[in-house]
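Participant:
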Amino acid sequence: MALGHARPQVVEVVVESAAPYDVVVYEVGLDTIEQGRKEYRALLARLRECVDSDTWPGSAPEIVDFALPVWALAMDDVPSLTLGGEVIA
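Listed below in structure tokens is the structure:
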């Protein structure tokens, strides 16, 4: 109880997308809620740092070389494409 109010119960209702459409109600535990709270607070702190420094790091701050995997370079076994009786590739 905080500020004289009971903690609201957090639930997730899950319904199967295929017959027989079973339904399960999961109660989200306090440990899960606390973990989410830690994560969003850390992300808000990081956002504040980015705003203050005007620096927006990504997963790759430098240019990354792009290369096809070896299997994609072996073009000998690619079937031809025929469209309207004409071989395209």
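Using the working numbering, read the sequence shown as starting at 373 and increasing by one per residue. For every residue, glycine included, the Cβ atom is placed at its ideal position computed from N, Cα and C.
Give the C-beta separation of residue 398 and residue 387 to the nearest angstrom, bearing in mind that I take them to be a contact with Cβ-Cβ under 8 Å.
Facilitator: Incorrect: roughly 12 Å between the Cβ atoms, too far for contact.
Participant: Hey, residue 345 and residue 385: beta-carbon distance below 8 Å or not?
Facilitator: Because the chain spans 373 through 461 in this model, residue 345 falls outside it and cannot be assessed.
Participant: Could you give the distance in angstroms between the alpha-carbon of residue 381 and the alpha-carbon of residue 419?
Facilitator: 29 Å
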